[in-house]
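Have a look at the structure below before the remarks.
Protein chains in written order, with my numbering: chain A, 7 to 458; chain B, 760 to 1049; chain C, 185 to 427; chain D, 67 to 300; chain E, 15 to 415.
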C-alpha cells in the first residue's frame, strides 16, 4: 500500500466506526418515540392460542389484534455486571409475557411495547434510568428491575412519581415502605423468620431433624438478612431461629461474593461435621462448595441453599442430590395442573432455549417475573386505565390472580401477603417441591436423615 | 490440625492455578514491557471454549486443551505483532488492553449469554474427584492444575535458562540494544513469547472451566488475584509467580480458617501492600549485586 | 569570598567509588573549569553539589550555610542552578513556560501570570524570544541548550553549573555559546563548567580543577593544569613521552 | 575490509559525527583516539548497527551495513564491545557468552569458540555460573570481549575498553586484544587513552568534535607533538 | 487573590448561580425532570473525573485510588448519615476530609519511596482500593456484608424536591471541584505538577517542592472524590461493597480524562460529557436495524464495545485528547456539531434533546478525530514496517519517564 492510501484507510476505519456510533446512538433514541411498528410482527407464529395469559381476567372475547398507539412499559435489567446471569432469565420471561399479551389482544386493546435499559447491576444507574423512563421517555407504566440494590434504588424513583412498581425479587422486605410497590416474590414480609422456619419444619417433618447445623453465608444483603435478620436490629434470622429450635450451631461463617478458592470453606464444614448445612448461597456458590467438599470426600447429610442458580446445581453430580432450596413455582404438578400454566412453562422453556440460556426451566425466578407482569397488567386492566393512582388503588383493594395463586396485598406488611414459598429438593436429578405437602407431587416427600 | 492442614493444601493447590493465570501478565510485563490485560480475556475465552467442547461435543475436559490452546496462542501472538507495529508504551498498553478486555467480555456475553455456564458433572467427572492421602484430600482439578503449573513453570524456567530463545528473552529484558547487536530479532522473540504466555493463559482457562462456573463478568474479578501474584512473584519471573501464587493461596486459606472466609481478601492485600512497600521487586527475584 | 565550599565528598555506587574524597572551593565571580577523562567523577560531583544526588560523606557549604542535606529545590531557591549535558526541557511546555517554571519556583517566586511575561526577558537574553510560544519539540539542540541557560538564569542564581553545554554543537554554535557564557559571567554569576572541549575550558576558566578516578589530581591556572604531567597522563596515557 | 564513507550521525538533535570516513584492512588494528565527546562512541554504535547513520555508507567486505537491521549486523561479521561493557547483568557468565554466539553461523561453532574464549580468559571459565552483574569491572570487560568473540567476527569494535579499570588490568586487556588480532580478527579500537591505544595499533585516527583531524601510522601519531596541543586546546 | 483568579471565581459563580435556578425553570420550559437527574449524573462525573485529573492528569502519576476515595465518601454517608443519623449536609464535608486523610497517608508513604514510581505507584493505589474494600467487608460498623439502605437519610430539603436537590448538590460539588482544578492549573501548584509530569528531577532542581506538591494535589484529589462520593451515596440509595468498590469508577474517570485530554481542566469535562451522553443514549436492549433492515445489530452489548473501542482509538490515535483539538479548531468543531444536530433532526425529527446533542457531539468528534497526528502515526508505522528494525531511541532521552 502506498502511504496515502494507507492513511486514507485508517481515516476510513475511524470514520466508519464513528458513523456506526452515530447510527446506533440516533437509532436508539429515535426508536424511543417512533417504534410504533406493530408488535404483532415480532410475535412467533407458533404461539398456540391456548396459552392465553391467565393474567388478563377479561379475555372472554376472542383475541383480537391490538390497535392504536402502543402502551410503553419501561424497566431496567442488569444486562451486564454481576447480576447479569440471573437477569437474563427475567429478560426472556418479560419478552415472552409481552409477546403473549400482544398475541391475545394487547392491553386495553392497544399493543404493548417493553423498553428495557441496562442498569449494569448498579443501583445509581437504575435510579437514573427509571427517572429517564418516567420523565423523559414518558413510559405508561414501569416494571421493577432485577436485584436487591437496583430495586431499592428504582423504588425511590417510582415513589416520587407515584408509579406502580411491581418487583420480582427484592429481598430487603423491611425497606419497602412504598405503598404502590408490589412484590411478586412470595416470600412474605419476614423471610428472615419464615424462610428458616419453613426449612426447619420440612426437616422436622421427616421425624429425624438435624442435631447440629452449620451456617455458611454469602456476604450479600439478602442472604445476610435471611441469616441474621435486619442489620442493626438483629430481629430474627435463621441462625437465632436454629438456636431457638434447639439445634446446635457448630459453624457460622460468612464468605465474600468473590470467593475463588472453596477448599478452605469446605475444610471448615468438614471439620464442623454438621448434620445439616445452611448455605446462604447465590448463583453457583452451591456447586462450587459441593465440588470442593466432594474433593475432600465429604458430604453433608443435607443442605439448604438460599437462592442458587438452579441449572448448575443439577449438573453438580450425585452429591447435590437431596440439596434443598426455596421456590414458589416448579414446572410440575400441582403447579402445572392448570393447562394454561403448563403451556406457559413450556413456552418459556422454548424461549429460553432460543435465547441461549443454559437452564430453561420455568421456576422461581421466571415465575416471579411472570407474576410481576401479571400484577402490573391486572392493575391496569382492573382499573381500566393507565392512571397510576387508579391502578395502585385497584391492586391494593382487589385479589389478584397470579401464577402463585390469588394474592391480597397488605400495605401494613409492605404489601407482602404471607409466605407462599415451598421447599424444593433435588431428587432423582431434578428439582421437585417437597414441602409443604400441598405443593409436592403425589408420593414425594422430604428426604433427609442425619445418619446419611 | 486436619482443618489447617487441609486448608493449607487447598491454598497451595489454588496457588498453582493463580500462577498459571498470572504468568502471561507477568512475562508480558516483565520482559516485553506491555501490561496486557487481554490475558484475562484469553483465560475466559479459553474457559468458554473448553466448556463448549466438553458440553456440546462430549470432549474430555483435559482433551479440550488440544483445541483451545492453539487458537489462543495465535491470537496472543497476533496481538503482540500489533503492539510491535504501533510501538506501544507501558501505560498505553494498559489502557488499550483494558479496552480490548471489555470488548471481549461483551463478545463472550453475546455468544454465551450472561448466565452461568458450568460443565455438568456428567461431562466432567473430575470436578468432584480427588486423590486422598490419609486425612488429606487433593482435588483432581486443583491438583492437576497445580502439577501442570509446576511443569509449565519448570519448562518455562528451562526454556528461559537453557535455550538460546530463553537467553534471548532475558537478554532483551536486560539490555534490548545489546541483545539486538548480537543478532536477536526482538520482534520475533516477542511474538513467540507472547504466544507462549497466551498458551499458559489458555491452559489456566481450561482448568477454571473444569472446576468452576463461568460467566462473562468473571474476568474482572480475577484482577484481585492476578495482580498480587504478579507483583509478589516479581515481574517476568516464572518460578516467582508460582511461589507467589502459593503464598497468596495459603495466606488466604489460613485467614479463611482462622478468622473466616471474609478475611481472605484482607490477608491477600495486606501482604501485597507490605510487599510493594518493602520489596517492590517481588519476593522471589534475586538481584545481581549492584 | 568563598561562595561554595565542599569538603571530603565521597560517593560510592554499589562497591565502586565514584568520588573518593573531593574538596574544593568556588570563589565569588570565578569560572571554575572541571576537567578529567571519562569516568573521572565530574558529573557525579556536579550532581551532588546541585542536590541531584546525595554524597555518602562530606560537607557542602553555600554562602556560609551548610547545605549538605538541603533538598535540591531549596538549593535552587538559595541560588544554585544547573544545566544538563543532554537537555531536559519540560517537553510538553512552550519555551516561555519552561523559563516561567524557574521564575515561579526560584528565588524570584513570581506569580504564574507575571512569570510568563518576565520569561520573555530571559528568552531574549538567550536569543530565543522568537520561539517563546513554540513547543520545545521545535527547537534544535543548540536552542535547547540556550533554553536551559535561560531557565537556569531566570531565577537569578549566584552559581551556575554548566554540564557540557557545548557537546553536540557545531563549531559556529560553539563560538556563539562561548560568547553566551561570557555574557552570563558578566551578569555576576559564578560558573562551574564541565566541558570536554578543553580549548574552550582553557579559554573560559579562571581556574581549573582536574579529576581522575574520583580524586583531584591538579588545580590551578588553566595553562598550569594543562601542562601538569598527571593531567597529561590521565588524558593521553601513562607513558605519553612528551609530557 | 571495512569502509566508512562520509558518515554523519547523532543522537536526537545532537549531531556527533560530521561526514567522517575511515578504513580498516584485514588483520589490522586501527585505533581512534580523541577526547570525550569527540563522537567516538557514536562511531562505534553506527558501525555496530546500534544507531542509524544519517548519511554516508558503511560496508564490510563489500556487504553494505548501512542501516541494516541491528540484529542482522552481527551475522555479517561485526561484533561490538560497547562502552561500559553492557554485559547482561542478571545472566550468568556462560549465558552471556552464549548470547554472543546467538546468530546461526556462530551457534554452529559454539563449543569450539567457547573453548577458545576460555583459553584466553581462564577467569571467565572459572566463573561461568556466576551472574555477570556480580563480576568486577575488569572481569566484566573480559566478558564483554569474550561475548563479542563468541560471534566469530571479522571485525571487532572496542569502545574504550580501558575505561574505569586499574592500569594493570588495562595492560592485560590490551595484551588480549593483541592476541585476538593475531588470530586474524581485524580490530577497530576507540580510546581516549592515547598512548596505550596507539601503541597497540598499526594505524590511528584522531577524532575531534566529530571530525577526523589527523590520521596515519600509529607510531607517527605518537611522535606528533601537536597531538597534545590539539588535545588540550592550546 | 490576583486578577485571573477573581475573574475565574466570578465566572464560575455566575455560571453556577445561573444553573442553580435551572430546576425552577423545569416547569416553564417543560423539559423532562429526568434532565435534572441527568444533569446531576453529568455533574457527578465532572466532579469525579476532574478530581482524578487534578492529580493524575496534571502530575502524570497514574492513580487507581479513585475507587478508594470515592468509596470512602460513599461509606461516610452510609455510616454517618444512615446508621448514625447525621444530616447528609454534615456528612459530606467529613467524607471529603476522611478521603483526603486516606490520600495523604498513602501519599506520605509512597511519595517518600522513590522506587514506587511509575506502574508500581499505579498498582499500590489499586491495592489500596482493594484493602479499603476488604476492611469494609469485615467491619460490621462499616458494612460487614449486609449493605446499607439509605432511605432514612435526612436530606437537605431546602434545596428542593429530590431531582432539584440532587442537581443542586451536584452543582455545588462539581463547581467547587472544577474551580479547584482550574485554579490549580493556573497556580504555582499546577505549574509544579506539570513540570513534575515532564521531568520530576529537573522540576526539583528548578525549585519545585515536588513532594509537597504531590501531597497537596493527591490530598485535594481525594478530598473532592470523597465529597462527590458522599452525595452520590444518596443516588445509589442502597450501597454494597461490590458496587461501590468496583472497577467502574476508576475505569470511567480514566476513559473520560484520556478522551477529553488530561492536561487541561476542561479535558475531563469534555470527556465526561461525551461518554455519559453517549452511554445514556446507547443504553437500550433492543435490536437495531440498519440499511433498511438488512443488518441487525443487538444494542444490548454495544455500550461496552463502543467504550472499549473509543479507549483504544483514543490511546493510539489521539494522545492529547479532544480538548486541545477543539481549541485549535473550534469553528470546525462547532460547525460539525451543528451539522450533526441538523442531520439528526432531518433523520429523526422527534429525537430528544440529549439525542440531538449526542448527534452533534459525534459530528464534532468525527471532524476532530483524523488529524495530522493520525497520519503521522500511520506514516511511522509504515516506515517501521519498511525497515523492520529501525533501532530504538537512545535510552534516557529528554523527559521520558
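The beta-carbon is built from N, C-alpha and C at its ideal position, and this holds for glycine as well.
*In the structure shown, what three-state DSSP assignment does residue 279 (chain D) receive?*
Indexing the fourth chain from 1 puts residue 279 (chain D) at position 213. Strand, per DSSP.
*asked:* Within 10 Å of its beta-carbon, does residue 823 (chain B) have 16 or more other beta-carbons around it, so buried, or fewer, so exposed?
replied: Taking the first residue of the second chain as position 1, residue 823 (chain B) is located at position 64. It is buried - the Cβ of residue 823 (chain B) has at least 16 other Cβ atoms within 10 Å.
*asked:* Whole angstroms are fine: how far does the CA of residue 219 (chain E) sit from the CA of residue 337 (chain C)?
replied: Residue mapping note: residue 337 (chain C) aligns to position 153 of the third chain, counting from 1. Residue mapping note: residue 219 (chain E) aligns to position 205 of the fifth chain, counting from 1. Approximately 13 Å between the Cα atoms of the pair.
*Which residues, in order along the region 231-244 of chain E, keep a beta-carbon less than 9 Å from a beta-carbon of chain B?*
none
*From the beta carbon of residue 381 (chain A), is the nearest beta carbon of chain E less than 9 Å away?*
To locate residue 381 (chain A), count along the first chain from 1; it is residue 375. No, its Cβ sits nowhere closer than 9 Å to a Cβ of chain E.
*residue 80 (chain D) and residue 312 (chain C) look like a contact to me (Cβ under 8 Å); what is the Cβ gap, rounded to whole Å?*
Stepping through the fourth chain from its first residue, residue 80 (chain D) is reached at position 14. Stepping through the third chain from its first residue, residue 312 (chain C) is reached at position 128. The Cβ separation is near 18 Å, so there is no contact.
*Tell me the start and end of each unbroken beta strand (DSSP E) in the region 300-363 of chain A that is at least 3 residues and wholly inside, in chain order.*
309-314 and 330-333
_Is it the case that the region 291-298 of chain A contacts the region 269-277 of chain A, given that we only count it when at least three CB pairs across the two stretches are under 8 Å?_
yes
*asked:* Looking at the secondary structure, which residues open and close the beta strand (DSSP E) in which residue 71 (chain D) lies?
replied: As a first step, residue 71 (chain D) is located in the fourth chain; it is residue number 5 there, counting from the start. That run of the beta strand (DSSP E) goes 68-77.
_Please state the DSSP three-state secondary structure of residue 365 (chain E)._
Against the fifth chain, residue 365 (chain E) aligns to sequence position 351. The answer is coil: DSSP assigns residue 365 (chain E) none of H, G, I, E or B.
*Mind checking if residue 104 (chain D) is an interface residue toward chain C, Cβ cutoff 9 Å exclusive?*
Sequence index remark: in the fourth chain, residue 104 (chain D) carries index 38 (1-based). At least one chain C Cβ lies under 9 Å of residue 104 (chain D).
*asked:* Quick check on residue 157 (chain A): buried or exposed, where buried means 16 or more other Cβ atoms within 10 Å of its Cβ?
replied: Within the first chain, residue 157 (chain A) is the residue found at index 151, counting from 1. Buried is the call here.
*asked:* Once the 5 residues before and after residue 198 (chain E) are set aside, which same chain residues still bring their CB inside 6 Å of it?
replied: Counting from 1 along the fifth chain, the entry for residue 198 (chain E) is found at position 184. For residue 198 (chain E), where only same-chain residues beyond five positions count, the Cβ hits under 6 Å are 68 and 204.
_Cβ-based burial, residue 933 (chain B) [other Cβ within 10 Å; buried from 16]_ = Along the second chain, one-based indexing puts residue 933 (chain B) at 174. The residue is buried, with at least 16 neighbouring Cβ atoms inside 10 Å.
*Could you say which of E:293, E:287 and E:233 lies nearest to residue 117 (chain E) if we only look at CA atoms?*
Residue mapping note: residue 117 (chain E) aligns to position 103 of the fifth chain, counting from 1. Checking every option, the nearest Cα to that of residue 117 (chain E) belongs to E:233.
*So what does DSSP say about residue 364 (chain C), is it helix, strand or coil?*
Stepping through the third chain from its first residue, residue 364 (chain C) is reached at position 180. Residue 364 (chain C) falls in the helix class under three-state DSSP.
*asked:* For residue 178 (chain E) and residue 48 (chain E), I'd like the C-alpha separation in whole angstroms.
replied: On the fifth chain, residue 178 (chain E) is found 164 positions in, with the first residue counted as 1. On the fifth chain, residue 48 (chain E) is found 34 positions in, with the first residue counted as 1. Looking at the two C-alpha atoms, the distance is approximately 10 Å.
*Straight-line gap, residue 232 (chain D) to residue 241 (chain D) (C-alpha atoms, nearest Å)*: Mapped onto the fourth chain, residue 232 (chain D) falls at position 166. Mapped onto the fourth chain, residue 241 (chain D) falls at position 175. Cα to Cα, residue 232 (chain D) sits roughly 14 Å from residue 241 (chain D).
*Quick one: what does DSSP say residue 304 (chain C) is sitting in, helix, strand or coil?*
Position 120 of the third chain, counting from 1, holds the residue named residue 304 (chain C). Helix.
_Contact set for residue 70 (chain A): own chain, Cβ-Cβ below 6 Å, skip 5 residues either direction_ = Start at 1 with the first residue of the first chain, and residue 70 (chain A) comes out as number 64. Around residue 70 (chain A): 111.
*Candidates E:242, E:182 and E:187: which alpha carbon is nearest residue 91 (chain E)'s?*
For the purposes of this step, residue 91 (chain E) is taken as the residue at position 77 of the fifth chain. If we check each option's Cα against that of residue 91 (chain E), E:242 comes out closest.
_Counting only beta-carbon separations shorter than 9 Å, does residue 85 (chain D) have a partner in chain C?_
Translated into the one-based positions of the fourth chain, residue 85 (chain D) becomes position 19. No, residue 85 (chain D) lies away from the interface with chain C (no Cβ there is under 9 Å from its Cβ).
*In terms of residues, what are the limits of the alpha helix (DSSP H) holding residue 428 (chain A)?*
Your numbering for residue 428 (chain A) matches position 422 in the first chain. Note, residue 428 (chain A): premise wrong, no alpha helix (DSSP H); beta strand (DSSP E) at 428-433.
*Should residue 143 (chain A) go down as buried or exposed, given a rule of 16 or more other Cβ atoms within 10 Å for buried?*
For the purposes of this step, residue 143 (chain A) is taken as the residue at position 137 of the first chain. Buried.
*asked:* Out of A:289, A:288, A:279 and A:319, which one is the CA nearest neighbour of residue 305 (chain A)?
replied: By 1-based counting over the first chain, the position of residue 305 (chain A) is 299. Selected option, being the one with the closest Cα: A:279.
*So, is residue 344 (chain E) buried or exposed, given that buried needs 16 or more other C-beta atoms within 10 angstroms?*
Position 330 of the fifth chain holds residue 344 (chain E). The residue in question, residue 344 (chain E), is exposed, as its Cβ has fewer than 16 Cβ neighbours within 10 Å.
*Is the distance from the Cβ of residue 1010 (chain B) to the Cβ of residue 1026 (chain B) below 9 Å?*
To locate residue 1010 (chain B), count along the second chain from 1; it is residue 251. To locate residue 1026 (chain B), count along the second chain from 1; it is residue 267. Yes, they are a contact pair.
*To which residues of the same chain is residue 107 (chain E) closer than 8 Å at the C-beta, ignoring the five residues directly before and after it?*
Taking the first residue of the fifth chain as position 1, residue 107 (chain E) is located at position 93. The residues are 241.
*Own chain, CB closer than 7 Å to residue 404 (chain A), minus 5 neighbours either side, in chain order*: Walking along the first chain from the start, residue 404 (chain A) turns up at place 398. Around residue 404 (chain A): 388.
*When the Cα atoms are used, what is the spatial distance from residue 43 (chain A) to residue 146 (chain A)?*
Counted from its first residue, the first chain places residue 43 (chain A) at position 37. Counted from its first residue, the first chain places residue 146 (chain A) at position 140. Confidence in residue 43 (chain A) is poor, its pLDDT being 35 and thus under 50, which makes the residue's placement unreliable; the coordinate value appears in the next sentence. In a straight line, the C-alpha of residue 43 (chain A) is about 17 Å away from that of residue 146 (chain A).
*Which whole runs of the beta strand (DSSP E) in the region 157-210 of chain D are 3 residues long or more, in chain order?*
none
*Beta-carbon of residue 78 (chain A) versus every beta-carbon of chain E: anything under 9 Å?*
The sequence position of residue 78 (chain A) within the first chain is 72, counting from 1. It does not; no Cβ of chain E falls within 9 Å.
_Where residue 422 (chain A) falls: helix, strand or coil (DSSP)_ = Working through the first chain from its first residue, we reach residue 422 (chain A) at position 416. Three-state DSSP puts residue 422 (chain A) in a strand.
*Please confirm if residue 923 (chain B) has its CB atom under 9 Å from at least one CB of chain D.*
Counting from 1 along the second chain, the entry for residue 923 (chain B) is found at position 164. Yes, its Cβ sits closer than 9 Å to a Cβ of chain D.
*For residue 761 (chain B), which residues in chain A fall below 9 Å Cβ to Cβ?*
Within the second chain, the letter at position 2 stands for residue 761 (chain B). Here the neighbours are 273, 276 and 277.
*Span of the alpha helix (DSSP H) around residue 788 (chain B)*: Against the second chain, residue 788 (chain B) aligns to sequence position 29. From DSSP, the alpha helix (DSSP H) with residue 788 (chain B) extends over 761-791.
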